[in-house]
Structure formats: structure tokens, C-alpha cells
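Peer 1: So the sequences go chain by chain: A and E.
One point on numbering: in this note's numbering, the residue at position 175 of the first sequence is 175, and numbering is uninterrupted.
One point on numbering: in this note's numbering, the residue at position 59 of the second sequence is 333, and numbering is uninterrupted.
After the C-alpha cells below, expect a handful of questions from me.
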Amino acid sequence: MIEAKDVYFTYRNGVEALKGVSVTIKNGEFVALMGQNGAGKTTLVKHFNGLLKPTKGQVLVNNVDVSKTSVATTSKAVGFVFQNPDHQLFSETVEEEISFALRNFGFEESVVEDRVTWALNLLGLVQYRKTSPFMLSGGERKRVALASVLAWNPEILILDEPTIGQDYQQKEKLRQFVLQMRTQGKTVIIVTHDVEFVAECNPRVLLMREGKIIADGEARTILTKLHVLEQASIVPPQIAQIFLQLPELNLPNDVIDIYEARKLLLNILESKTE
Amino acid sequence: MAVIEARNVTYTYPGGTKPSIASISINIEKGEFALITGPSGCGKTTLCRCFNGLIPHFYQGELKGETSIAGLSVADHPIHELAKHVGFVFQNPENQLFALSVEKDVAFGLENLGLLREEMRRRVDWALNLTGIYDLRERAPHELSGGQQQRVAIASVLAMQPDVIVLDEPTSFLDPLSAKKIFEVIFDLNKKLGVTIVLIEHRLDLTARYANHIIIMDEGKVVQDGDPREILNTEEARLVGVGIPKAMLLYQILRKDGAKLGETVPLSSDEMAIMIKAALRSND
């Protein structure tokens with residue numbers, strides 16, 4: 001569980017990135033953190049694995065204050081996958097990349113071997129075991145970064161902009177993967193601008209603006225509230241945009257899912273034709 | 275008239291074992307808004323490097339076939355010559371901006387053209403106004419937001435008054451509202467000034483509505499080329515996995531269910547909403 005209590009954070013250059021953020025994320029939750037560029041999203045999630053410590057306020061991960069413990073300890077529970085995989089990858093082969101953290105955490109060699117194989121399989125990287133990460137495409141490098149974090153099986157997973165530069169099929173795989181993590185009871189937090197991806201995954205959504213959380217709720221509730229979305233520089237997903245333009249039909253005003261849209265529209269189109 | 279013409283273009287990067295693009299033949303007409311899409315690694319970016327001369331003048335490797343821009347053979351003209359005809363905007367504007375003020379950045383390319391001072395002033399102001407950043411002209415580009423920076427990059431290219439502007443995923447680092455505003459600026463340039471636009475994008479939900487020509491690539495080849503309403507509605511497009519816009523998907527599944535919707539396939543939520551209203555009216 002993650003608890004942020006009235007967290008403020010000021011960077012050394014004087015930029016106040018967080019101005020009183022309070023939020024609780026329970027075990028097994030799936031959360032999307034959204035908002036305009038510079039709203040403080042990445043700064044906030046960096047507090048969740050101890051990379052940053054609050055200037056004021058408190059962040060607890062599994063009831064332990066991140067300011068009073070090492071990043072190494074916190075990150076064993078909280079895996080963080082960066083926006084740009086090149087900020088994370090450094091090894092000569094994919095295999096070494098994935099085993100690096102495992103050895104650092106002191107796992108036995110046989111466990112390291114098992115975990116590496118498991119992670120390579122999960123992310124479809126088996127054929128690249130001995131390849132240099134830098135020979136791979138951007139999308140593949142992102143998967144290596146993800147595999148190297150998953151390998152140590154953290155209970156909380158943070159993905160910063162996982163869909164940037166990913167094509168449709170890769171996004172679909174990512175969605176399946178996140179769902180799979182959820183069935184294993186893991187907590188998944190994504191930082192993203194991708195409204196269509198969020199609409200398909202239907203997580204809890206936190207909207208940020210200027211260092212504060214301005215809305216918190218189910219995706220369907222938040223992604224259909226035009227006035228708050230605008231404050232956070234978010235455009236509603238396409239299905240919501242269609243429904244928001246049809247107020248005279250008295251349909252529910254919180255539809256973001258295409259299959260729900262289909263059912264509602266079929267009903268109304270059929271009843272009118274009869 | 276075709277402003278971009280590729281004939282049987284095949285290209286292999288140095289050290290590559292197989293071509294990144296193979297036997298590509300396309301025409302992009304003057305004034306079109308062309309969208310190039312396809313799965314990662316399909317060769318979109320490589321193809322566009324053949325338009326501005328980076329291939330073959332910067333990247334070595336093996337090039338076959340012929341590309342021409344505004345009637346000029348790309349292989350026979352140096353990059354700076356081609357830059358008068360085709361401007362490029364990249365994913366990350368930070369890589370493109372370097373001057374101390376916005377207007378200096380926008381003027382930079384013009385200085386190299388050897389224009390008169392008044393003509394330069396006129397073009398810089400014109401480009402700043404069109405992209406909506408005239409008020410930012412004295413600011414330092416690195417102090418601006420990502421969306422503002424991308425406008426500066428577009429203004430810099432626009433000031434050169436090229437025939438074509440090629441944009442490679444120009445909004446992937448921007449929040450959705452800033453992205454939408456950028457696409458509207460681009461669409462405006464296309465509609466009002468007739469600048470030919472070539473946009474490389476994965477996210478068709480955001481961009482299909484602007485296009486009147488779509489090219490889908492897969493594994494180095496062009497697999498579909500034509501009108502977005504027709505092409506995106508085909509089974510082939512779905513199979514390549516390009517991410518059909520949600521509004522169009524909804525139209526497709528409703529039609530399959532027997533709903534009586536019009537024949538014109540919608541590319542945007544606005545068009546879909548209008549279509550539903552029309553269907554209900556005609557049934558009253």
C-alpha cells in the first residue's frame with residue numbers, strides 16, 4: 001500500500017513540483033496518473049520508490065516511511081520502469097540486464113537463472129537473450145526494461161509513459177500484460193497521456209494539475225468530465241466525445257467503452273426504427 | 275501534380291542484411307494531407323529520410339530507385355537545396371531548437387537562404403503569427419512548454435515556405451490538449467495555405483480526421499495506399515493492426531449488427547455523432 005500525506009516537493013532550482021498531494025493506493029489497485037506536461041506526475045511517482053524524498057509531508061510504502069529507508073529497500077517492493085528505456089539499460093546482453101538487479105538483491109544463482117528465463121518468456125524476448133539491448137528497436141528495449149524490473153517480482157509496478165512510440169499491437173500486448181499483473185494481485189501505476197489506452201483499461205484515474213491532484217475516481221467518471229479534463233489538458237476519449245455530442249438522446253453521460261456504446265446505440269436505433 | 279514521387283525505392287542501411295524499405299512506389303500530390311502509418315519498424319521513418327535527402331546524402335547504405343521532391347531528384351541535389359522544398363519536424367522539439375530566442379530560431383534557416391533583411395522579418399512574423407506564438411518571439415525556446423516548443427519548430431520550417439512539411443510523430447511527448455492544438459495548426463496550414471503535409475503517426479484516433487490520403491506500411495512495403503475512409507474500413511487494414519479510430523470501429527460494429535447508418539465511413543467522433551443524429555431523424 002502507498003500513502004502520500006500532504007506531500008510537498010521543491011527541486012533544487014526552486015521549482016515547486018508538488019504542492020500538497022494526499023492519496024492512498026491500496027494493494028492490487030490499478031491507477032492511471034494523468035495531467036498536463038509539468039503537472040508533477042513523474043515527480044510524484046518517484047516518491048513511491050524512494051528516488052525522491054518529500055520536502056514536506058510523508059510517503060509510506062507498506063507502512064514504512066520512504067524518507068527513513070534506502071532506495072534499494074523500497075525498490076525491492078516497488079519496481080519503476082522509466083519513460084525512456086535508455087535511461088535504464090546499460091548491460092552488454094539482455095540476459096545480463098535482467099539478472100543485474102537480481103544479483104544485487106542477493107538472489108541465489110539458480111533463482112536468478114529461473115527468474116531471467118521467466119521474464120524473457122513473459123515479454124517475448126527469448127530470442128534476444130544474448131543480444132545487446134542497443135541492437136533492439138525502441139519498443140523491444142522498452143520490453144527489456146520492463147522485464148528487468150519484473151524479474152525481481154515487485155509487488156508494486158510503476159510504468160512511466162509505457163505507450164509512447166508503441167504501435168497498436170504493442171499497446172494491446174501491454175494492456176494484456178497489465179491485466180495479467182492485476183490477476184496476480186499486483187498494484188500497477190501508470191503515468192500516461194494516452195486517453196484511449198486508459199479508456200480501454202478502465203483503471204482508477206488521478207488527474208494532476210500544477211502539483212496537485214484535482215480529480216480522483218473511476219476512468220468512466222473522470223474521462224467524461226469536460227471541465228476538469230480541460231484543466232488537466234486532457235481530451236476525452238473518442239467514444240465519450242460521441243456521447244457528449246448527443247445530449248438529446250438522454251443516454252448515460254459516462255460511456256467510454258465501445259461495447260457499452262454499441263449496446264446503448266443499438267437499442268435506441270432499433271426502437272426508433274420500429 | 276505529384277510533389278513527392280517515389281519509384282521503386284529500395285534501401286538497405288549500412289551493415290543491414292535486408293532492405294528496410296523495398297520496392298516503394300508512391301505519389302503524394304500537391305496540397306494533400308498524407309498520413310503514413312504502420313507497425314513499429316515498418317520503414318515509415320526510413321521512407322521519409324528519402325524525402326529530405328538524409329538518404330542517400332547522410333546515411334550511406336544501398337539505395338535503388340528514384341525519389342523526387344517538387345520535380346528535383348533527391349539523389350542529385352544536396353540536403354540544403356532540398357531544405358527549401360521540404361521541411362522536417364521531429365518527435366522531440368528539443369533536438370531541433372538551439373537559438374537564444376524564438377525569433378532567432380525561426381530566422382535561422384532564412385539567414386542561410388541569403389534573403390533581404392525586410393523579407394526575413396516579414397517571413398518570421400508571418401510564421402510566428404500562423405503558429406500562434408508571436409507573443410513568445412523574445413522568449414528563450416528552452417523555457418517554453420513542450421507544445422510551445424513544437425510550434426517554434428513548425429514555425430522555423432514554415433518560414434522557409436517549403437512545398438512540403440514532413441512531421442514524424444510530432445506530438446508524442448505532449449499532453450492530449452497540446453497535441454490537439456498542434457494538429458489543428460498543421461491542418462490549418464494545409465487548408466489555408468495549401469502546404470502539402472506528410473504526417474507519420476501511430477495514433478489514428480487523433481489524426482485520421484485530417485487526412486485525405488493514407489499510406490499503410492508493413493515490413494518495409496506499402497500495403498495500402500488511398501482514401502482513408504476506404505482504406506481504414508478494409509479487412510487488410512485491420513489485419514496489419516494499425517489501430518482503427520474508435521469512432522470508425524463503432525460504426526463498423528453497429529453496421530454489422532444491422533443498424534441503418536449512412537454509407538460515408540466516419541473518421542472522427544464528430545462525424546459519427548452527426549451520423550447517429552441523421553439516422554434517428556430519417557427514422558422518425
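In this text, a Cβ means the ideal position worked out from N, Cα and C, and glycines have one as well.
1. Applying the criterion that 16 or more other CB atoms from any shown protein chain within 10 Å of the CB defines a buried residue, is residue 530 of chain E buried or exposed?
2. Using the three-state DSSP reduction, which class does residue 359 of chain E fall into: helix, strand or coil?
3. Mind listing the chain E neighbours of residue 266 of chain A? Cutoff is C-beta to C-beta under 8 Å, in chain order.
4. Checking contacts by CB at 7 Å: is residue 283 of chain A closer than that to chain E?
5. Take the Cβ of residue 275 of chain E as the centre, count every other Cβ of all protein chains shown within 10 Å, and call the residue buried at 16 or more, exposed below.
6. Taking residue 215 of chain A as part of the beta strand (DSSP E), name the residues at either end of that continuous run.
7. Near residue 505 of chain E, what residues of its chain come up, given a Cβ to Cβ distance below 8 Å and the 5 sequence neighbours on each side ignored?
8. For residue 450 of chain E and chain A, any beta-carbon pair shorter than 7 Å?
9. Could you please give me the residues that DSSP links to residue 187 of chain A through a beta bridge?
10. Determine the extent of the alpha helix (DSSP H) in which residue 235 of chain A is found, giving its start and end residues.
11. Return no unless some Cβ of chain E is closer than 7 Å to the Cβ of residue 113 of chain A.
12. Looking at the unbroken beta strand (DSSP E) that takes in residue 38 of chain A, where does it start and where does it end?
13. Taking Cβ positions only, does residue 414 of chain E come closer than 7 Å to chain A?
14. Step through the CB atoms of chain A and report whether any lies within less than 7 Å of the CB of residue 520 of chain E.
15. Can you give the Cα-Cα distance for residue 350 of chain E and residue 341 of chain E, rounded to whole angstroms?
16. Return the residues of the segment 312-325 of chain E that lie within a Cβ-Cβ distance of less than 9 Å from chain A, sorted by chain order.
17. Taking any Cβ of chain E, which residues in the segment 133-146 of chain A have a Cβ under 8 Å from it, in chain order?
18. Taking Cβ positions, are residue 430 of chain E and residue 167 of chain A nearer each other than 7 Å?
19. Please return the same chain residues whose Cβ sits closer than 7 Å to the Cβ of residue 31 of chain A, not counting the five positions on each side in sequence.
20. Have a look at residue 462 of chain E and residue 7 of chain A and give me their C-alpha separation to the nearest angstrom.
21. Of the residues that make up the segment 441-467 of chain E, which ones have a beta carbon closer than 8 Å to any beta carbon in chain A?
22. Do residue 516 of chain E and residue 286 of chain E have their CB atoms nearer than 7 Å?
Peer 2: To lay it out plainly:
1. Here residue 530 of chain E is taken as the residue at index 256 of the second sequence, counted from 1. By the neighbour-count rule (16 or more Cβ atoms within 10 Å), residue 530 of chain E is not buried but exposed.
2. Residue 359 of chain E sits at position 85 when you count from the first residue of the second sequence. Coil, per DSSP.
3. Stepping through the first sequence from its first residue, residue 266 of chain A is reached at position 266. Those within 8 Å of residue 266 of chain A in chain E are 528, 531 and 533.
4. Outside the shown range of chain A (1 to 274) lies residue 283 of chain A, about which nothing can therefore be said.
5. In the second sequence, counting from the first residue as 1, residue 275 of chain E sits at position 1. Around the CB of residue 275 of chain E, fewer than 16 other CB atoms lie within 10 Å, so the residue is classed as exposed.
6. Translated into positions along the first sequence, residue 215 of chain A becomes position 215. Residue 215 of chain A -> beta strand (DSSP E) spans 212-218.
7. By one-based count along the second sequence, residue 505 of chain E stands at place 231. Answer for residue 505 of chain E: 488, 490, 498, 499 and 511, listed in chain order.
8. The residue you call residue 450 of chain E lines up with position 176 of the second sequence. Chain A contact via Cβ: present.
9. One-based indexing of the first sequence puts residue 187 of chain A at position 187. DSSP, once it has assigned bridges, lists A:156 as partnering residue 187 of chain A.
10. Translated into the one-based positions of the first sequence, residue 235 of chain A becomes position 235. Unbroken run through residue 235 of chain A: none, as it is neither H nor E.
11. Along the first sequence, one-based indexing puts residue 113 of chain A at 113. No, because no Cβ of chain E sits closer than 7 Å to the Cβ of residue 113 of chain A.
12. Along the first sequence, one-based indexing puts residue 38 of chain A at 38. Taken as a continuous stretch (DSSP letters only), residue 38 of chain A belongs to no beta strand (DSSP E), as it is neither H nor E.
13. Start at 1 with the first residue of the second sequence, and residue 414 of chain E comes out as number 140. Not one chain A Cβ lies under 7 Å of residue 414 of chain E.
14. Numbered from 1 along the second sequence, position 246 holds the residue referred to as residue 520 of chain E. True, the Cβ-Cβ gap to chain A drops below 7 Å.
15. For the purposes of this step, residue 350 of chain E is taken as residue 76 along the second sequence, with counting starting at 1. For the purposes of this step, residue 341 of chain E is taken as residue 67 along the second sequence, with counting starting at 1. Each residue's alpha carbon lies about 10 Å from the other.
16. 312, 313, 314, 315 and 316
17. 137, 138 and 139
18. Here residue 430 of chain E corresponds to residue number 156 of the second sequence, with the count starting at 1. Here residue 167 of chain A corresponds to residue number 167 of the first sequence, with the count starting at 1. Contact: no.
19. Position 31 of the first sequence, counted from the start, is the residue given in the question as residue 31 of chain A. Residues of the same chain with a CB within less than 7 Å of the CB of residue 31 of chain A, apart from the 5 flanking positions on each side, are 25, 189, 203, 204 and 206 in chain order.
20. Translated into positions along the second sequence, residue 462 of chain E becomes position 188. Translated into positions along the first sequence, residue 7 of chain A becomes position 7. C-alpha separation (whole angstroms): 43 Å.
21. 443, 446, 447, 448, 449, 450, 451, 452, 453 and 454
22. As a working mapping, residue 516 of chain E is identified with position 242 in the second sequence. As a working mapping, residue 286 of chain E is identified with position 12 in the second sequence. Against a cut-off of 7 Å, the Cβ pair of residue 286 of chain E and residue 516 of chain E comes out as no contact.
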